[in-house]
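So in numbering that gives the first Met the number 0, spot 57 of the sequence shown is number 56, and the numbers just go up one at a time. Ideal Cβ placement from N, Cα and C applies to all residues, glycine included.
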Amino acid sequence: MNLTVLNEAATRGGAASVLMILSILFFRSGKGFGVERLGALFSFSAAAYTISSANFQWEATGAIILVLHYFGMLTPVFFWWFCTALFDDDFKWYLWRFIPLGALTIAFYMLFLKPTGVREYFHNILIFGSTLPMLLHVLWLALVHRNEDLVEQRRAFRLAIAVLVGVTGIVITLFETMVVVPRSVGEILNLIQAGTIFSMTMGMAIWIIPPVTVLKQTKTPSNATAQAQPTSENSASLTHLKEFMADGTYRREGLTIGVLAEMVALPEHRLRWIINQELGFRNFNAFLNSYRLAEAKEILSDPAQARRQITQIALDLGYGSIGPFNRAFKSETEMTPTEFRKSALNGPSSP
């Protein structure tokens, strides 16, 4: 085993060990099948991929490499589930979320349980066609909806994990399925891949694992209770914000957190903190919808406005089209606006 391969083995071993520690920590901090448990699943599969993607490990690990390779192949699926559950506060399980899982399972079966040849070609197509859309969707969630996120640590985490891991995953997928390189070049690329995985893993561990404070003797500051309470400045800003919203500012189409910050004369980061910490909202759209949907329910329950069109109500409340309004309303009430109006008025549905 040459020096390049030895360095790669050491790097992969270190990365896999840290990933397993993260998997245990994620699992212990979660309940049910929520985002923490999905993080554990992703970390475990990433560890499996880190080991199984090194060709020199095949003979050393024996038949268990098949199990590791299977879970490693599913890493993009678990990463997609984890990021979607983390970034989407309305995340729900649907059957279509398991389609890529089925496709990659078929790809694994074709490559390892059947002879290669034409099946290897379809195996690569299945991997590329399943993995790329998931990673692109994660990048879309991370970047497009970042400004709507009111949780500062999660906003930073979007870029740190979604972009870095997503882009790295796309590059790895391209090289594994579409690019053929000489053996000597392949060893160098494997070492680079191992180093990249190790660097990202260590960065993720440093970020996620809290510092050890149990060994430090610290005293609770006497003003801790006072610091936990809203300051007079925060209270004034919160009152000012509520006044703006009560005046109907939420009806403005295309309203963003940046625009609202200018209107209320507050720094954007301060406004994010107030909406998140003082009002308890995790994203800006949920904050807007709390006002918009409350007024929508009043309108739909008003007999005097029974003939007012649903589409016009949506547009008047600041929605750019009927689709987002219907989705937000049904998520809030488990009824469509038409069904809600019919129930509230106990009469025929309105167009």
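- In the structure shown, the three-state DSSP call for ASN288 is helix.
- The DSSP-derived three-state label of ASN282 is strand.
- In the three-state DSSP reduction, ASP148 falls in the strand class (E or B).
- Around the Cβ of GLU151, a 10 Å sphere holds fewer than 16 other Cβ atoms; the residue is exposed.
- Within the segment 309 to 343, the runs of alpha helix (DSSP H) that reach at least 4 residues and sit entirely inside it are, in chain order, 309 to 315, 321 to 332.
- Where GLY29 is concerned, there is no enclosing alpha helix (DSSP H), because DSSP gives it neither an H nor an E.
- Separation of GLU297 and THR310 (C-alpha to C-alpha, rounded to the nearest whole angstrom) is 16 angstroms.
- The residue among LEU270, LEU40, LEU21, LEU73 with its C-alpha nearest the C-alpha of LEU237 is LEU270.
- Segment contact: the segment 259 to 267 against the segment 304 to 318, fewer than three CB-CB distances shorter than 8 angstroms; contact not assigned.
- Residue LEU292 holds the alpha-carbon nearest to the alpha-carbon of ALA327 among SER342, LEU292, ILE160, THR337.
- In the DSSP assignment, TRP95 falls outside any alpha helix (DSSP H) and carries neither an H nor an E.
- For GLY71 and GLU294, the gap between their C-alpha atoms comes out near 49 angstroms.
- When rounded, the separation of the alpha-carbon atoms in LEU314 and GLU252 is 8 angstroms.
- The C-beta of LEU2 has fewer than 16 other C-beta atoms within 10 Å across all chains shown, which makes the residue exposed.
- Within the same chain, ASP88 come within 8 angstroms of ALA285 by CB-CB distance, once the 5 residues on both sides are set aside.
- Contact annotation: PHE86 and ARG36 have beta-carbon atoms that are not nearer than 8 angstroms.
- Residue burial is scored here from C-beta neighbours: GLN308 has fewer than 16 other C-beta atoms within 10 angstroms and is therefore classed as exposed.
- Under the 10 Å beta carbon count, PRO132 is surrounded by fewer than 16 other beta carbons and is classified as exposed.
- For ARG11, the secondary structure class from DSSP, reduced to helix, strand or coil, is helix.
- Excluding residues up to 5 positions away in sequence, PHE25, PHE81 lie with their Cβ nearer than 6 angstroms to the Cβ of GLY38 in the same chain.
- CA-to-CA, the gap between LEU67 and LEU73 works out to about 10 angstroms.
- For THR74, the uninterrupted alpha helix (DSSP H) run begins and ends at 74 to 86, by DSSP.
- Annotation for GLU267: the continuous alpha helix (DSSP H) segment containing it runs 267 to 272.
- Shortest Cα-Cα distance from TYR108 to any of TRP95, HIS122, PRO99, ILE98 involves HIS122.
- Judged by their CB atoms, GLY165 and LEU125 are not nearer to each other than the 8 angstroms cut-off.
- By the beta-carbon neighbour count (other beta carbons within 10 angstroms, threshold 16), ILE63 is exposed.
- Per DSSP, GLU261 is one residue of the alpha helix (DSSP H) stretching across 256 to 262.
- Contact check between the segment 41 to 56 and the segment 13 to 30: three or more CB pairs, one atom from each, fall below 8 angstroms, which counts as touching.
- Of the candidates PHE243, ALA245, ILE312, ALA260, ALA260 places its Cα closest to the Cα of LEU149.
- Judged by DSSP in its simplified three-state form, ALA159 adopts helix.
- In the three-state DSSP reduction, LYS91 falls in the coil class, being neither helix nor strand.
- In this structure, DSSP gives ILE64 a helical state, which the three-state scheme calls helix.
- The Cβ neighbour count for VAL34, taken over all protein chains shown within 10 Å, is at least 16; the residue is labelled buried.
- In this structure, DSSP gives GLU252 a state outside helix and strand, which the three-state scheme calls coil.
- Look at GLY165 here: in three-state DSSP terms it is helix.
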